[in-house]
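Residue numbers (our numbering): 3 to 283.
Glycine included, each C-beta is placed from N, C-alpha and C at the ideal position.
Here the structure is a predicted model, which means the values were calculated and not measured.
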Ligand code: PAF
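Structure (structure tokens):
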């Protein structure tokens, strides 16, 4: 059954307040559309964990530091609605720009520290845009639980921090990255890869897995990183923005996996920026 598409905040609010009055729990899956199996795994988790599920679709202009990137972001609303139909979600919230950012909108949510590194260092303003829209979506939906993919590991840490810091009564739940059979992490951006680039793309994950194994066997961070970057570049990537071992909770840089650690990377392939991360140990 197709879910009702809600475009206005007042309609969303009255729907949610009815559910809350009956004591039902509400889960939200925030997305920018172009849904793939990764998103659908979040919807599945939300359906299992909550009485009511809202999927939000809003391509948030504030989180694109490059206007061209915003323009070329895939817009696939009809297809998204079809992909959601087997899940029987309770609402698909698709606000427009003025609903999210009405004239005079002047508030910016900025999470310090965690956003200074990795994607934050390479995409100025990106995480402020994410933190601002996610805060709004949390308050608009009044959800009890929110589901995010570990694929965007830094984003997951940022939204967890903001919910705690702003006393938003929501539990942020991270769900595992879903991968294609060849290891490529599922991402809406994969749609932008040419057929040739799609063939090379899994090398990013393969090089990271090799680096993680080497680190776990006591390999030196600089040597293992250099080897991994050489492999990624041989596969046709033009730039590796970062390939770092970081602590899971604070994202501080590590030289060895001496505590729960993650290897995180961002690299450019044929004009498309891909990111990935894996647990180390
Ligand atoms: O991960 C995304 O798709 C976006 O960053 C999010 C969380 C929906 C905010 O716009």
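Residue 151 in three-state terms, based on DSSP: strand
How about residue 94 and residue 57: are their beta carbons less than 7 Å apart? yes
Please report the straight-line C-alpha distance between residue 160 and residue 117, rounded to a whole angstrom. 7 Å
Tell me the DSSP secondary structure of residue 264 in three-state form. strand
I'd like to know if residue 174 contacts chain D, where contact means its C-beta is closer than 7 Å to some C-beta of that chain. Structure shown: chain D not included; a single protein chain is present.
Simplified DSSP state of residue 281, which is helix, strand or coil: strand
Does the beta-carbon of residue 62, which I'm using as the reference point, lie nearer than 6 Å to any heavy atom of the ligand PAF? yes
Report the three-state DSSP secondary structure of residue 119 (helix, strand or coil). coil
Compute the distance between the beta-carbons of residue 212 and residue 237, then report whether it is under 7 Å. no
What number of angstroms, rounded off, separates the C-alpha of residue 228 from the C-alpha of residue 149? 35 Å
Nearest to residue 81 by alpha carbon, out of 177, 71, 35, 104? 35
Flag residue 134 as yes when its Cβ comes closer than 6 Å to any non-hydrogen atom of the ligand PAF, and as no otherwise. no
Measuring straight from C-alpha to C-alpha, what distance separates residue 141 and residue 188? 28 Å
Taking 6 Å as the cut-off, does the CB of residue 204 come closer than this to any heavy atom belonging to the ligand PAF? no
Through-space distance from residue 252 to residue 47, alpha-carbon basis: 26 Å
Taking residue 28 as the reference, give the member of 52, 72, 136, 126 with the closest Cα. 52
Within the same chain, show all residues whose beta-carbon is closer than 8 Å to that of residue 76, passing over the 5 residues directly before and after it, in chain order. 35, 36, 190, 193, 194
Quick check: the Cα distance between residue 169 and residue 138, rounded to an integer number of angstroms? 13 Å
Just to confirm the assignment, what range does the alpha helix (DSSP H) spanning residue 56 have? Here residue 56 belongs to no alpha helix (DSSP H); instead the beta strand (DSSP E) covers 54-59.
To the nearest angstrom, how far is it from the Cα of residue 259 to the Cα of residue 198? 35 Å
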